[in-house]
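For the sequence shown, position 200 (counting from the first letter as 1) is numbered 327 according to this note's numbering, and the numbering increases by one without interruption.
Every residue, glycine too, gets a C-beta built ideally from N, C-alpha and C.
Working notes, beginning with the structure itself.
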Amino acid sequence: MPSNTKPKTKGETPKIPRGMRDLMGDTFYAYQGLAERAAEIALYYGFTAIETPMLEAESLFTRAIGEATDIVDKEMYTLKTRGGDRLALRPEGTAPVMRAYFDNGLQTQPQPVMLYYSGPFFRHDSPQRGRYRQFYQFGLEIIGTGKSIAEAMIIKTFTLILGEVGLDNLHVEINSIGDKECRPAYRRELAAYYRKHHKNLCADCRERLKTNPLRLLDCKNPACQQIKQGAPTPVSYLCAACKKHFKEVLEYLETMGVTYEINHQLVRGLDYYSRTVFEIVDRAPGEDTPLALAGGGRYDYLARALGSRKDLPAVGGAIGLDRVLSAPGIKTINPRLIKKPKIFFIQLSFEAKLHSFEVIEILRRARVPIAQSLSKDSLSAQLGMAERLGVPYALILGQKEALEGTVILRNMSTRSQDTIKIDHLAENLKNLK
Ligand code: HAM
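As structure tokens, then:
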């Protein structure tokens, strides 16, 4: 911008924060369409909606996700209110849903409780491909059952949703990280193995070894990959009950025709998981570093971590809507509510503008979406806009028409025009193609 046209403000014009985007037009509708279709599928599978606030107590996440995790240590947006409360912008949805389950007495309802949600989440991550600081998830949670069919239900529903946008290179990666019976022994073995390789580990892994050894398997640093390949795997340490549970989950997936791969190094970045963890990855041809489109798992101990006196078995997952919508070659879904304008409403003269609300209301009741320009006064300027927008019809209300109680309907491609009584407008609109 040349310096003489700069707005005269004190200091710099405020900019959108890094890693955040404005969603508009087709992009906005693509998000809305996908979230709507996902909700519809979830409803047919017996889930009901929940919406939790975007701000929660910071301690909800530190207790649920775990202190030595990237999300809590580095990525949470936190703030202190004027009253002195410490709040966080939600980095994920599972802990809030579990809080809401107790706050709203959902334990008194028939179990399990099956919930779906969608909306924005916030992580102060470094922005890069498929990684935003405000991103959108569609999540499912089944709370109150330890049965393996619940995992299968979540994964199957996700593959159906992803199938709706034509994603067919999907890989379900799955693993079991055991429960409180078998995980401690595995964690000890893993730490012992990594201690032997201490001097070759990256700085982050040295830290993980002290604070959260399971996260060692999450390391993406090239220096640690060979060590990781030789590490003991959680599956070989599963107790009999965990082994049986994992086998059942896999059997369900096979029966439902969901192809999967066991990824022995999948542990996921949140501490609340037990037993099953999974990610759904799109491996489009030519993509070398596939991004997880969805992730989740079982979290049988989360309720207790949040203060419940009993464990409450639960499982869930979330789809990253931004990643789905940026996957190459996806089919976008139009939302149900938003329709492309069928009519460009042209108002000529002050007299016409006075009557315009009456006409627009007739159109709304007839469910005919319109586009219009409130500021333009000339016919040619408004017809030009209608043409640019590719709207098939124009409805012209001039001074003469306003006084006579009529409007002119113009077919934009044939340029033929009809004068219609405003009282008969609704019936005439029924015949529009
Ligand atoms: P998550 O794996 O952290 O799990 O996130 C789920 C999905 O959200 C990811 O697979 C990814 O597609 C998307 N996602 C995560 N971070 C970003 C980001 N910075 N930018 C864009 N997309 C992102 C959870 O959040 C768990 N609450 C899932 C869950 C529900 N587990 C049990 N129930």
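- Judged by DSSP in its simplified three-state form, residue 148 adopts coil rather than helix or strand.
- Counting only runs that start and end inside the segment 219 to 307, the beta strand (DSSP E) elements of at least 3 residues fall at 240 to 249, 261 to 270, 297 to 303.
- In this structure, DSSP gives residue 358 a state outside helix and strand, which the three-state scheme calls coil.
- For residue 511, the enclosing alpha helix (DSSP H) starts and ends at 506 to 516.
- DSSP places residue 477 in the helix class (H, G or I) of the three-state scheme.
- DSSP places residue 520 in the strand class (E or B) of the three-state scheme.
- It is roughly 41 Å from the alpha-carbon of residue 501 to the alpha-carbon of residue 169.
- Excluding its 5 nearest sequence neighbours in each direction, residue 341 has C-beta neighbours in its own chain below 6 Å: 394, listed in chain order.
- Under the three-state reduction of DSSP, residue 160 is assigned to helix.
- Contact between the segment 240 to 260 and the segment 160 to 174 is present: 3 or more CB-CB pairs across the two stretches fall below 8 Å.
- In the displayed model, residue 538 falls within a strand according to three-state DSSP.
- In this structure, residue 289 has its CB at a distance of at least 7 Å from all heavy atoms of the ligand HAM.
- Looking at 199, 301, 332, the one whose alpha-carbon comes closest to that of residue 282 is 301.
- Take the alpha-carbon of residue 369 and the one of residue 401: they are about 10 Å apart.
- At a Cβ-Cβ threshold of 8 Å, residue 518 and residue 470 count as neighbours.
- Counting the other CB atoms within 10 Å of its CB gives residue 464 a total below 16, which places it among the exposed residues.
- Not one heavy atom of the ligand HAM falls within 7 Å of the beta-carbon of residue 306.
- Shown here, residue 495 sits in coil according to DSSP, grouped into three states, outside any helix or strand.
- Contact check between the segment 299 to 317 and the segment 335 to 351: three or more CB pairs, one atom from each, fall below 8 Å, which counts as touching.
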